[in-house]
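Just so you know, we're using the working numbering here: the sequence shown kicks off at 1 and counts up by one. These notes concern the structure reproduced below.
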Amino acid sequence: MIILGLDCSSKQSSVCIMQDEKVIYTAVQSTNITHSQNLMPMVDYALKTVDLTIKEVDLFAVTLGPGSFTGLRIGLRAVKGMAAAENKDCIGVSSLKALAECVDFDGVIVPCFDARRNQIYGAVIDGEQTVKDDFCEDIHILTEYVNNCQKKICFVGDGKTVAERAFSQYENVICDKFDMPCIAMGACKLAKKEYEKNGAVKHFDLSPSYLRLSQAERELKEKTEAKK
């Protein structure tokens, strides 16, 4: 089985190709070029590098969020377009869980993206157990858990700087161990597990998971509430 995975949930774009159990290609770009400009050239180059065509892809994997609203839409549009054109199956996965899937750490993993205003998109994963599912909240929502956890806790992702400000005094907290990995690789690995367990879906069943209102919607809500 050939799986092509895409991720645009953060500032970086990433592409991964898996063949059966083996990752045969990964690429990450984090530049001033937008996802809409670099994603499809990355896909084209990836396929050419491993001597495959889009018709040979069996399954498309894509991160649904949370993360950058614009990035998520770009990644989804790309996968939907390719899958519709080739009549291929898809699987959408959590961008946070895909990030955690890339990290080899003996302890608790907290994949996180900076959501501004001292908030993070995050999840708490202890081995195979999801302790706290995808959320978008103030970083201090995790204070009690960090206080009581008997294991090492590793924050990974661009939200780790927010975590470092909040929890740098805790000896069990690690915030600088990993750079941002290839999230698309995590997406491919999760998609393979999901496919083997529950099968796949069609492109029209995919939808983003934003977890919160857009900035424009939040500002409108704040203005409306201020007038009351």
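Virtual Cβ for every residue (Gly too), placed ideally from N, Cα, C.
Shown here, residue 121 sits in a strand according to DSSP, grouped into three states.
Excluding its 5 nearest sequence neighbours in each direction, residue 149 has C-beta neighbours in its own chain below 7 Å: 108 and 172, listed in chain order. CA-CA distance, residue 7 to residue 130, rounds to 21 Å.
Residue 175 places its beta carbon less than 8 Å from that of residue 160.
Scanning 3, 26 and 95 for the CA closest to the CA of residue 53 turns up 3. Within the DSSP secondary-structure output, residue 18 pairs in a beta bridge with 3 and 23.
The C-alpha of residue 9 is placed about 17 Å away from the C-alpha of residue 133. DSSP places residue 193 within a helical segment (H, G or I) once states are collapsed to three. Per the C-alpha coordinates, the member of 20, 111, 26 and 39 positioned closest to residue 178 is 111.
Using a 10 angstroms sphere on the CB of residue 37, the tally of other CB atoms stays under 16, which defines it as exposed. Looking at the DSSP output, residue 91 sits in a beta bridge with 61.
Following the DSSP letters along the chain, one finds residue 70 inside the alpha helix (DSSP H) bounded by residues 69-86. Under the DSSP assignment, residue 178 falls outside any alpha helix (DSSP H); it carries neither an H nor an E label. A direct Cα-to-Cα measurement between residue 102 and residue 204 gives close to 27 Å.
Considering only 184, 123 and 183, the residue with the shortest C-alpha distance to residue 154 is 123.
Setting aside the 5 residues that flank it on each side, residue 12 is surrounded in the same chain by 28, 29, 30, 180 and 183, each with a C-beta closer than 8 Å to its C-beta; the list follows chain order. Burial state of residue 81 is exposed, judged by a 10 Å Cβ sphere holding fewer than 16 other Cβ atoms.
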